[in-house]
Every structure is written in structure tokens, then in C-alpha cells.
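Here the structure comes first, spelled out in C-alpha cells, and everything after it is commentary.
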Amino acid sequence: MPEPIDVVEALLFASDTPVEAERIQEVLDLESAVAAREIVEGLRVRLDAEGRALQVMEVGGGFRLVTRPEVAPWLVKLARSRTRSRLSRPALETLAIIGYRQPVSRPEVDAVRGVNSDAVLDNLLERRLIRVGGRKEAPGRPFLYETTREFLVAFGLRDLADLPKVEGELVIPDLGAEVAATVEHGQAETEQDPGAGGADVPTGG
Amino acid sequence: MTQEATTQTTGPEPAGLTVRVESFVGPLDLLLHLCRTNEMDLSRLALRTITDQYLSHLEAVRFQDLEMAGSFMVMAATLIYLKSKLLLPANPDDQDEVLDEEGELLKRELEERLREYARVKALGSWLAEREAEQTLVYGRTTAELPPPEDIPLEDLSVHLLQRAMQGLIEDQQRRVPRQVEPNPLSVLERMSEILDLLRSTWSLLFSSVAGAERLRAEWVVTLLALLELVRLGQARARQADLFGEIVIERNAVSVHEPARLAETDEESRPDADAGVEAIAAEAPRNPIPGEDAPRAAATPPRDDEPRTEQGEPLNA
């Protein structure tokens, strides 16, 4: 008869997504999610104590069984590939903005980055690191983007609270004011997106 | 905008450029770099210095596209505008960088954006480190467990729907419009065609006989012809994997009499098989020209849909 700890190990091994404590509780008929957590903790301790190549990781609101970084070189050799493709700097910066300010629209992301983010957003959508979470009730009704669970998994984050605190809030520049300011001295093209908020703000002075 | 813009930040150096140019992902990035190298306080921009340096750097920056170039130019314009205000001070006695109210507003906003961008950049590098750590850790990405009956909606997005739809539309457009078939197809004719081909070669691909245009009728008739030939022992068919290409081979046993069928089908066929007779009686009268015929002719094999034949499920 397998012990609960063995069953949990099997669950984590077989699942392709992080398994939530609640799900473990449900599958094992436990009284509480806390009990599930305790079993997972037991598994973690056991794997550590035995010096196994696998470890339990808490990411994306659940638990995953993953390999230890120490064995990575052999896995790379097994896969016959150098490394997994990494995100570009614009992609990472865009993710940072979305991670902190979600849900956020493309014009807002553009405003922080100072450049058009169309292609970057497409790329992130393609990788399923972000998703469309709705539309903003603003001119053009732009899509609102938010991060996905894959994002948390890809960066090894338990939840969004794991993102580091930065001094000051991430402030999105006021698009309306910016356009008004630029229109005033005849450089309306600061806004690269005609659909962005306030393209038809009346000239200031 | 190209994929390049997102996947690479550095490209090959253009020939003839001797100065090593850093790659900047945007005007704020360049501006921030200049502030850092000048050890400038982000809340007290020295506009004269920064504008001059920005402009000289701009000549060396290589742009990924017009839009990117545009965003750098807008920043240049803003800086020049601010600098021009300094050249015409409201109070000629002032030696400091004093701007009028509007210029001051613009400058403060620029500084705020710069600080904001600096934070985002720092977060970006933090994420990059996390990503690097995570690339050393491997977990399952696909499970062998059967998928749950309730599809988790949380990971779905409009984007996926849109892509699926786009894929369908593109697929539709790729297809050649249906053509009017001038000669009715006959299973018998197709059988002799295959045998003819097999006389000069040992094996051939099903798709080469049925035609790359994937006309439904063609595929159905070819498949029926092939099945009949196999039944009669005139040919052999091999399909290595599900929905894979079918290889038609000459049957080594009957290789000495490959032309028998082709010749007898015009005559009264004294020794022809009953099967051929049945086909001959039915198939030519069933030329399969339109929509209904394929279904009628294709009753025995259910998997003779042209699309599935090539192992290309509709919703790949």
C-alpha cells in the first residue's frame, strides 16, 4: 500500500502543470490543503535528504517535480541542443511592465518603453507568457494584457508577489498630457499609435 | 515589424564602422545609457550635454525598422526643442539651465519617463536572471495523463481563437478551387494506370498517382483502384504509419503477368476475376463528378478522405 507521500510524488511526476495543494487535497481525500502542503514538504525533505536528482519546486500556485540544476549539463547533452531559446531584452522589459501593471494595454506599454511593442507582444503571446485579459474602455478599446501561469513557471515564481519590490510605483506616463504637450509644439508623432488614448486631444495653448 | 526585432537585440556590425556601437532597444534606452556614462542624476538632466551626445550617438545607431527609427527621432526632436529653449533664455543673465514653464514640464516628464524606464530595465535584468536559473531546471511540459474532461479556461485567450481562425482561413485560401473534371474517372482505368506505372518501376507513391491537387474524386478512385489491385494480388500497398504516405509496390509473385488486367479489360475478359467485373460494371457508370458521388463510391473505406490521407488533421 503506497504511502500518501509516494502518491504525491507520483502526482507531481505525472503532471505537466504545477499541482495545487487544493488539488492534492482533493485527490488524496485529505481534510485540508495544509495537510497536503505538509506531505509535499515531507517529500521535499526526503528528496533533499536522499540527494536525489529531482526536487520539488513551488511555482505558479502549485508544486512541480523538476530536475536539480546540477544535472542540467547531462540533460542538455541528452537533448543534443545547447540551451533553450531565451527571451530578448525588449521581451523581458515588456514582461516586466505587464507583470507589474497588469492588466495593461499596448499603448501603455509603448509609453513606458518609448517604442512600439507590437512585435514583442505577439512574441510573448505566441509563447503563452501573456494573454489577452479583456479590453480597456478607452479610445480604440485596446486589448488588455496580463501574465499567465506559464509566465510564473518560466521564471520560477510562486505568484506575482514574488516579483521584487522596486522603489516607487511603476507609473505609466499620462498619455493625454504627453500628446497635448507635443501637439503644442507641433510634434504630434510622439504617439506612435493612432488608436492610443487622447489622439484627438485639443491643442493646448 | 519583423520577428528579428523581438528575438535579437544585437546584429552583425556593418562593414566599415570602426566604433563599437552598443545596441539600444529604444530611445529611452540610449538616453539612459548616456545618463549612466555621464553619471548624471536622473532627476537633474543636463540637457545640453545629453542632447549633443544623443544626437552624435544617433548617427551610429542602426535601426531595425522605420518605426524604431521614428521613435528615436521623436526623442531627438524633443531634446532639440528643449535645448533650443535653453539657447533663448527668458532671462539673459541666467547662466544655469533654466527653462520656461512649458519646457520645465516637458523636462520633468522626460525625467520621470527615464526613471520609470530605468526601473523596468532593472526588472528586465532580474527576470533574465530568473530565466537563466530556470533553464537549468527541467520538468514535464506534456503529460501522458489523459486530459481532464473540463478544459481549463484560465489559460485560454482570445489570441488563441484568433490564431485558430486565421489558420483555417489561410488553409482555405491555399486550396485550389474545385475544377470541372472533363473525363469521368474510372476505377478500372486507374487500375491499369497503376499497373502501367508498376511495369517501369518497382514502387510508387500513392500521392503521385492520385495527384497533388488532392481532388476528392481522384483520391477516392485511386484508393479503390489500389485496394482492388491488392485484392487481386497485382500490387502491394504499404503504409508505414497512420495517415502516412502509402507506397504502392509491384507484387513480386505476379510480376510475370502484370499486363494481364490492362489488356483484358477492353475485351470480354475470359478469365477475369469476379471482382474486376464488379468494379467494371459499377465504376465507369459512376464517374464521380460532383458532391454526392464520392460519398457513394467511398462507402467501403471510411478513411479515404483526401485530407486525412496525408496525415494532416484539419485543426493542426
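Residue numbers (the numbering used here), protein chains in the order written: chain W, 799 to 1003; chain Y, 8 to 323. By construction, the Cβ of each residue, glycine as well, lies at the ideal position given by its N, Cα and C atoms. These numbers were taken from a predicted model, which means no experiment stands behind them.
Pair within 8 Å by beta-carbon distance, Y:V228 and Y:V194: Yes; because the gap between Cβ atoms is below 8 Å, this pair is in contact.
Identity of the residue in Y:Y145, Y:T44 and Y:R243 nearest W:V869 by Cα: Here the closest residue by C-alpha is Y:Y145.
Through-space distance from W:L893 to W:A808, alpha-carbon basis: Using only the alpha carbons, I get a separation of about 33 Å.
C-beta atoms of Y:Y124 and W:G912 nearer than 8 Å: Going by C-beta atoms, Y:Y124 is nearer than 8 Å to W:G912.
Anticipated Cβ contact below 8 Å, W:L845 with W:I803, distance rounded: With a Cβ gap of about 10 Å, W:L845 and W:I803 do not count as contacting.
Same chain only: Cβ atoms within 7 Å of W:L927, ignoring 5 sequence neighbours per side: Excluding its 5 nearest sequence neighbours in each direction, W:L927 has C-beta neighbours in its own chain below 7 Å: L893, T945, T946, E948, F949 and A952, listed in chain order.
Whether Y:E235 touches Y:R243 by CB criterion (8 Å): Not closer than 8 Å, so no.
Coarse secondary structure for W:L810, derived from DSSP in three states: Three-state result, W:L810: helix.
Same chain, Cβ closer than 6 Å to Y:D280, five either side skipped, listed in chain order: Residue placement at Y:D280 is flagged as unreliable, the pLDDT there being 46, under the threshold of 50; the coordinate-derived value follows with that caveat. In its chain, beyond the 5 residues on either side, L239 have a beta carbon closer than 6 Å to the beta carbon of Y:D280.
Within 8 Å of chain B by C-beta, residues of the region 886-903 of chain W in sequence order: Among the chains of the structure shown, chain B does not appear; the protein chains present are W and Y.
Of the residues Y:L94, Y:N45 and Y:L37, the one placed nearest Y:M75, counting alpha carbons only: Residue Y:L37 is the option with its Cα nearest to Y:M75.
First and last residue of the uninterrupted alpha helix (DSSP H) at Y:L239: That run of the alpha helix (DSSP H) goes R223 to L239.
Sheet register partners of W:Q853 (DSSP bridge): DSSP links W:Q853 through a beta bridge to W:V864.
Best match in Y:R181, Y:L175, Y:F250 and Y:R206 for proximity to Y:Q214 [C-alpha to C-alpha]: Residue identity check: residue 214 of chain Y is Ser in the sequence provided, not Gln. Put simply, of Y:R181, Y:L175, Y:F250 and Y:R206 the residue whose alpha carbon is nearest the alpha carbon of Y:S214 is Y:F250.
Under 9 Å (Cβ pairs) to chain W, residues found in the region 105-136 of chain Y: Within the region 105-136 of chain Y, the residues whose Cβ lies closer than 9 Å to some Cβ of chain W are E109, L112, L113, E116, E119, R120, R122, E123, Y124, R126, V127, K128, A129, L130, G131, S132, W133, L134 and A135, listed in chain order.
Contact with chain W by Y:D299, beta-carbon distance below 8 Å: Low confidence applies to Y:D299: its pLDDT is 45, below 50, so where it sits in the model is not reliable, and the reading given next is rough at best. Put simply, the CB of Y:D299 is far from chain W, with every gap to its CB atoms at 8 Å or more.
Of the residues W:E891, W:A917, W:L922 and W:S903, the one placed nearest W:P937, counting alpha carbons only: From the listed residues W:E891, W:A917, W:L922 and W:S903, the smallest Cα separation to W:P937 is found for W:S903.
Cβ-based neighbour list, Y:L6, same chain, cut-off 6 Å, excluding 5 preceding and 5 following: Coverage of chain Y is limited to positions 8 through 323, which leaves residue 6 of chain Y absent and any answer about it impossible.
Y:L212: first and last residue of the uninterrupted alpha helix (DSSP H) it sits in: Segment S210 to L212 is the beta strand (DSSP E) holding Y:L212; no alpha helix (DSSP H) there.
Assigned exposure category for W:F811 - 16 Cβ within 10 Å defines buried: The C-beta of W:F811 has fewer than 16 other C-beta atoms within 10 Å across all chains shown, which makes the residue exposed.
Listed by chain order, chain W residues near Y:Y7 by CB distance under 9 Å: Because chain Y spans 8 through 323 in this model, residue 7 of chain Y falls outside it and cannot be assessed.
Neighbourhood of W:P816 by C-beta distance below 7 Å, restricted to the same chain and skipping five residues each side: So the qualifying residues of the chain are V857, G858, G859, G860, F861, R862 and V951.
Residues within the region 75-89 of chain Y neighbouring chain W, beta-carbon criterion of under 9 Å: When C-beta distances to chain W are compared with 9 Å, the residues of the region 75-89 of chain Y below that value are M75, G77, S78, F79, M80, V81, M82, A84, T85 and Y88, in chain order.
Test item: CB-CB of Y:E151 and W:L885 under 8 Å: Taking 8 Å as the cut-off, the Cβ atoms of Y:E151 and W:L885 do not count as close.
Cutoff 6 Å; reference W:P888; Cβ partners in own chain excluding five residues on either side: Same-chain partners within the cutoff: V918.
Exposure label - Y:A67; buried when at least 16 CB within 10 Å: It is exposed - the Cβ of Y:A67 has fewer than 16 other Cβ atoms within 10 Å.
Listed by chain order, chain W residues near Y:S215 by CB distance under 8 Å: Here the premise fails: no neighbours, minimum Cβ distance about 34 Å.
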